[in-house]
Amino acid sequence: MFGNKKVLGIEIGRDDLHAVELNLIGKNRFYISRYYTAELDRSVLNEGVVVDEDAFEDAFVNMYNDAGFTARKAVFGLDNQTTILRFASFPKVDEGKQRGLVLLNAQEHIPVPVSELELDYVTVGESEDEDGSRVNVLLCAVNKKSIQRILDVTKASSLSVNAIMPSQVAYANAVLSRIDRPDFMAVRIGKKSVYHIVFENRSIAFLRYLNLNSEVISLLKAATGGETLFLSNIEAMRNDIIRNINATINYYRVQNRREVNYIYITGGSALHRYLSSDIDSELHSSVEFLRLFEPDARRGSSPPEEFDSCISLALNNN
Numbered sequence: 002m003f004g005n006k007k008v009l010g011i012e013i014g015r016d017d018l019h020a021v022e023l024n025l026i027g028k029n030r031f032y033i034s035r036y037y038t039a040e041l042d043r044s045v046l047n048e049g050v051v052v053d054e055d056a057f058e059d060a061f062v063n064m065y066n067d068a069g070f071t072a073r074k075a076v077f078g079l080d081n082q083t084t085i086l087r088f089a090s091f092p093k094v095d096e097g098k099q100r101g102l103v104l105l106n107a108q109e110h111i112p113v114p115v116s117e118l119e120l121d122y123v124t125v126g127e128s129e130d131e132d133g134s135r136v137n138v139l140l141c142a143v144n145k146k147s148i149q150r151i152l153d154v155t156k157a158s159s160l161s162v163n164a165i166m167p168s169q170v171a172y173a174n175a176v177l178s179r180i181d182r183p184d185f186m187a188v189r190i191g192k193k194s195v196y197h198i199v200f201e202n203r204s205i206a207f208l209r210y211l212n213l214n215s216e217v218i219s220l221l222k223a224a225t226g227g228e229t230l231f232l233s234n235i236e237a238m239r240n241d242i243i244r245n246i247n248a249t250i251n252y253y254r255v256q257n258r259r260e261v262n263y264i265y266i267t268g269g270s271a272l273h274r275y276l277s278s279d280i281d282s283e284l285h286s287s288v289e290f291l292r293l294f295e296p297d298a299r300r301g302s303s304p305p306e307e308f309d310s311c312i313s314l315a316l317n318n319n
């Protein structure tokens, strides 16, 4: 039974914290009671790495108290490059032995010692080669020190951690809950980063994470704030976004020898009117702009779409 279960979705970005308090009232039914953003100095959090542990803990506790959060359970997402995501393929063995085989042999696909990492994986499909059946996975690794930092700050706020995961994985699950197609590409435009995820048969087949440059970050912030943008700035920003999407499509085409025919763009809604003109022909695909979540503002709060990742995280607890 759901009752009225509260959970926090908390995302740690490059130099900020985002959080929503989500009230679960049924399967995929919820409303938002509170949300909050804390911008941190680079001397505290730099590219997702905690520089000053005491200041980071203080910032986290202040965020929790200032927002008036009351949930005691949290799902954390890492929207920064402290996570390592790698595709890999392993021989298929008995189900009870598969996990051990993957974790035992993951080191050959990970560029740092796995002894320093918390390692897990998502199964994304199966394939056949001359040696037999194989299981294809997305390896997900996070530095143990980063995990410990999260555990430390949650203790200071009397929170329990239900899960810690790359935000890209939570986003992928949210996209799959909204889109019925088996094969498509999803583009998530965040405040400071972009995800490109290609799905085959409703499994992640290709993933690319990009940091937005400082100029695009500033223009996105201005557009979101309702400011009028100069035509030259619009064109530069538009060209940068479309160029990167096309680059991902080309990488995917070379690697997987398949085409991308459908693209769904989420986030960055303030930019949609600048992007929409002729974008289908420029990307050689059918393009649709989509808001992942529409929280019920009559019952709770309706946070801006930059909090959609936090909602995705909280729903991964469902």
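Take 2 as the starting number for the sequence shown in the working numbering and just add one per residue. Positions of the beta carbon are idealized from the N, C-alpha and C atoms, including for glycine.
Assign residue i to buried or exposed, taking buried as 16 or more other Cβ atoms, counted over all protein chains shown, within 10 Å of its Cβ.
{"i": "Phe1", "result": "For residue 1 there is no data in the structure shown, the boundaries of the chain being 2 and 319."}
{"i": "Gly133", "result": "exposed"}
{"i": "Gln169", "result": "buried"}
{"i": "Ala75", "result": "buried"}
{"i": "Pro167", "result": "buried"}
{"i": "Glu236", "result": "exposed"}
{"i": "Arg150", "result": "buried"}
{"i": "Leu105", "result": "exposed"}
{"i": "Arg35", "result": "buried"}
{"i": "Leu232", "result": "exposed"}
{"i": "Ile250", "result": "buried"}
{"i": "Lys145", "result": "exposed"}
{"i": "Glu12", "result": "buried"}
{"i": "Ser219", "result": "exposed"}
Could you give the DSSP three-state label for residue i: helix, strand or coil?
{"i": "Tyr110", "result": "Sequence inspection shows His at residue 110; the Tyr mentioned does not correspond to that position. Three-state result, His110: helix."}
{"i": "Met2", "result": "Any reading at Met2 must be qualified, since the residue scores a pLDDT of 42, below 50, and its modelled position is unreliable; the value itself is stated next. Met2: coil per DSSP, three-state reduction."}
{"i": "Asp95", "result": "coil"}
{"i": "Ile236", "result": "Looking at the sequence provided, one finds Glu at residue 236 rather than Ile. Three-state result, Glu236: helix."}
{"i": "Arg30", "result": "strand"}
{"i": "Thr332", "result": "There is no way to answer for residue 332, as the model of the chain reaches only from 2 to 319."}
{"i": "Ala72", "result": "coil"}
{"i": "Ile116", "result": "At residue 116 the sequence reads Ser, which differs from the Ile that was named. Ser116: helix per DSSP, three-state reduction."}
{"i": "Val217", "result": "helix"}
{"i": "Leu160", "result": "coil"}
Have a look at the DSSP bridge pairing and note the partners of residue i.
{"i": "Ser128", "result": "Arg135"}
{"i": "Pro167", "result": "Leu79"}
{"i": "Leu23", "result": "Val8 and Ile33"}
{"i": "Arg189", "result": "Tyr196 and Thr267"}
{"i": "Ile85", "result": "Ala142"}
{"i": "Ile13", "result": "Leu18 and Leu79"}
{"i": "Asn257", "result": "Bridge partners of Asn257: none, in fact."}
Along the chain, where does the alpha helix (DSSP H) that runs through residue i open and close?
{"i": "Thr155", "result": "Lys145 to Ala157"}
{"i": "Asn212", "result": "Counting along the chain, Asn212 falls outside any alpha helix (DSSP H), though it belongs to the beta strand (DSSP E) covering Ser204 to Asn212."}
{"i": "Thr267", "result": "Not the alpha helix (DSSP H): Thr267 falls in the beta strand (DSSP E), residues Tyr263 to Gly268."}
{"i": "Leu316", "result": "Asp309 to Leu316"}
{"i": "Ser282", "result": "Ile280 to Leu284"}
Do we get a CB-CB distance below 9 Å when we pair residue i with the residues of chain D?
{"i": "Arg259", "result": "In summary, chain D is missing from the structure at hand, where a single protein chain is found."}
Hey, quick one: how far does the beta strand (DSSP E) through residue i stretch, first residue to last?
{"i": "Leu276", "result": "Run containing Leu276: none in the beta strand (DSSP E); it sits in the alpha helix (DSSP H), His273 to Leu276."}
{"i": "Val288", "result": "Ser287 to Leu291"}
For this session: Mind the definition here: the region 30-39 touches the region 67-85 only if three or more C-beta pairs lie below 8 Å; say whether that holds.
Result: These segments touch.
Problem set entry | the region 128-147 in contact with the region 255-271 per 3-pair CB rule at 8 Å | No, because fewer than three Cβ pairs between the region 128-147 and the region 255-271 fall closer than 8 Å, the two stretches do not touch.
For this session: Answer yes if the region 256-272 comes into contact with the region 185-205, meaning at least three C-beta pairs across the two stretches below 8 Å, and no otherwise.
Result: Touching, yes, given that three or more Cβ pairs across the two stretches are closer than 8 Å.
For this session: Indicate whether the contact test is met: 3 or more Cβ pairs, each with one atom in the region 48-59 and one in the region 4-24, closer than 8 Å.
Result: Three or more Cβ pairs drawn from the region 48-59 and the region 4-24 lie within less than 8 Å of each other, which places the two stretches in contact.
Problem set entry | Inter-stretch contact at 8 Å, needing at least 3 Cβ pairs: the region 201-211 / the region 156-163 | Flag = no, the region 201-211 and the region 156-163 do not touch.
Exercise. Is the number of C-beta pairs between the region 227-246 and the region 280-297 that are closer than 8 Å three or more?
Worked result: With the cut-off at 8 Å, the region 227-246 and the region 280-297 touch.
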